[in-house]
Amino acid sequence: MTMQTLTYQVSFNTPAFLGNAEQQAQWRTPPFKALLRQWWRVVKAPDVGYDHHALLRLENELFGSAGASDADSTGGGRSKVQLRLSSWDAGGLTSVPTGEMVSHTEVPGGKVGANLYLGYGPIGGQTRSAIKPGSSAPIALKLRCPIEHGADLRKAMQLVAWFGTLGSRSRNGWGSLHLEAPSGEQSVLGFSDLANANFLMETSPLLSLTDCLSRDWRAALGTDDTAPLVWRLFQLGPRNQDGKLPLEPFVKWEDAMRELARIKIAVRTSEFFSFHKHGGGKEGHPQPLPRHILAYPAGSKHKVDASGWKDQGRMANQVVFKVHRWKTGFTATIAHFPTTTPLHMAHKLHLPDARLVWQEVHHLLDVERSKGLLRIKGVQA
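In case it helps, full-length UniProt numbering puts the sequence shown at residues 1 to 381.
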């Protein structure tokens, strides 16, 4: 078997709550391998017609599976992919502050810390240490694999570069990874290359919102009749001589996270998603509301009093935030990888129409254009 090695330099753009067994922040290889598998599935799924059983078999053949023998029907055997970090250093941050205050009409006092809102648990709860963002000496990540799998794994790492985050609350932008390829190695496209869908389509096909919502696992980045479901966030500079507001980077990662928090709050407290007219409290809600489709739990006062929900129900956010380095500062992306409500949570319940729910989210994000959130364009000739 001919092997090849892919080498990347990795660092974080935002603090990463990536812990060891003692929940102390530390660089570790296993989370990187799990992240690689996650994005490899998105790359490989079209090859098997989005058949998750066939995809699992291929995944286990390449990455191995715990407790499976070489003859296991799901692939099994030892992993053919080996990852190595040049360092397993400790994190460097004892805690992360709650952040600049942003308006939130549903909390006491009408304001909440931006970092706290996007990172509740590791921030504001049982305080956790974190891996410090940025580094004067990025850590090397070496990926050794059979040469015939190199192209797919490079594509997976490209998706990591665009959308990959690691650790607790990573879907809210914490643990935003920054990847670079050493001189002479395979190239890594960056934030600027996400202006339209051209490079995205070369990396992995997109699926319509309807197609994505027919599956309960992350199969693809979604698209609608307008463009891919990816938005890029900029800071608007002073109006120039042409009367336009130039797109500029945020000075600090904290500024980008503050704006992401503001946008998330604006969506969730909009009239369509607000809990204001629907009660709640100790008894919760008898049926899921549109807000519950976005993610669950949705707060201690807004539990759904139905089987599969209550205190046990879990539905991860499908909308992924990531902070990027750009020019001399920071920007961010918001990307939607749609999935349907898990069957055990949808059983015998009248659910809000998920397609209408997510179309409203997309509309609310499009409305933010005047504040620096721009939808990427479709394929350009």
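Yeah, the Cβ is synthetic: ideal placement off N, Cα and C, and Gly gets one too.
- Counting along the chain, no beta strand (DSSP E) covers residue 1, and no H or E run does either.
- In this structure residue 168 is buried. Its beta-carbon is surrounded by 16 or more other beta-carbon atoms within 10 angstroms.
- Within the DSSP secondary-structure output, residue 325 pairs in a beta bridge with 330.
- The beta-carbon distance between residue 332 and residue 222, rounded to whole angstroms, is 18 Å. This is too long to meet the 8 Å contact definition.
- Taken in chain order, the complete alpha helix (DSSP H) segments of 4 residues or longer contained in the segment 227-270 are 253-268.
- In this structure, residue 176 lies away from residue 44, with their beta-carbon atoms at least 7 Å apart.
- Membership of residue 113 in the beta strand (DSSP E) is indicated by the continuous run 111-113.
- Closest by C-alpha distance to residue 87, out of 113, 131, 57, is 131.
- Residue 84 has 142 as its beta-bridge partners, per DSSP.
- Just so you know, the alpha carbons of residue 338 and residue 263 end up roughly 19 Å apart.
- Ranking 142, 151, 133 by CA distance to the CA of residue 9 puts 142 first.
- Exposed is the label assigned to residue 20, since fewer than 16 other Cβ atoms lie within 10 Å of its Cβ.
- By the Cβ test, the segment 340-359 is in contact with the segment 301-321, since at least three Cβ pairs between them sit closer than 8 Å.
- Sequence-distant Cβ neighbours of residue 35 in its own chain, meaning closer than 7 Å and more than five residues away, are 160, 164, 166.
- Cα atoms of residue 305 and residue 284: separation of roughly 6 Å, rounded to the nearest angstrom.
- Spanning the alpha carbons of residue 274 and residue 352 requires a straight line of approximately 14 Å.
- Nearest to residue 62 by C-alpha distance, out of 125, 278, 334, 1, is 1.
- If you draw a straight line from the Cα of residue 371 to the Cα of residue 295, it comes to about 25 Å.
- Remark: three or more beta-carbon pairs, one from each stretch, lie closer than 8 Å, so the segment 373-380 and the segment 192-209 are flagged as touching.
- In this structure, the alpha-carbon of residue 278 lies about 11 Å from that of residue 272.
- The residue among 4, 6, 336, 30 with its C-alpha nearest the C-alpha of residue 207 is 336.
- Residue 356: not part of any beta strand (DSSP E); member of the alpha helix (DSSP H) spanning 354-367, first to last residue.
- When the alpha-carbon of residue 93 is set against those of 360, 267, 16, 140, the nearest one is in 16.
- As the crow flies, the alpha-carbon of residue 355 is around 8 Å from that of residue 213.
- One alpha carbon belongs to residue 12, the other to residue 178, and they sit about 6 Å apart.
- Partner residues in the beta bridge of residue 180, as assigned by DSSP, are 9.
- The closest CA to that of residue 269, considering only 111, 349, 52, is found on 111.
- Shortest Cα-Cα distance from residue 126 to any of 96, 135, 361 involves 96.
- Annotation: residue 155 to residue 361 spans about 28 Å, alpha carbon to alpha carbon.
- Taking the Cα of residue 248 as reference, the smallest distance to any Cα among 320, 258, 237 is reached at 237.
- When secondary structure is reduced to three states using DSSP, residue 117 falls in the helix class.
- Its chain contains 290, 293 as the residues whose beta carbon lies nearer than 6 Å to that of residue 357, once the 5 sequence neighbours on both sides are disregarded; these appear in chain order.
- Here DSSP, grouped into helix, strand and coil, assigns residue 291 to helix.
- In the three-state scheme derived from DSSP, where H, G and I count as helix and E and B as strand, residue 26 is classed as strand.
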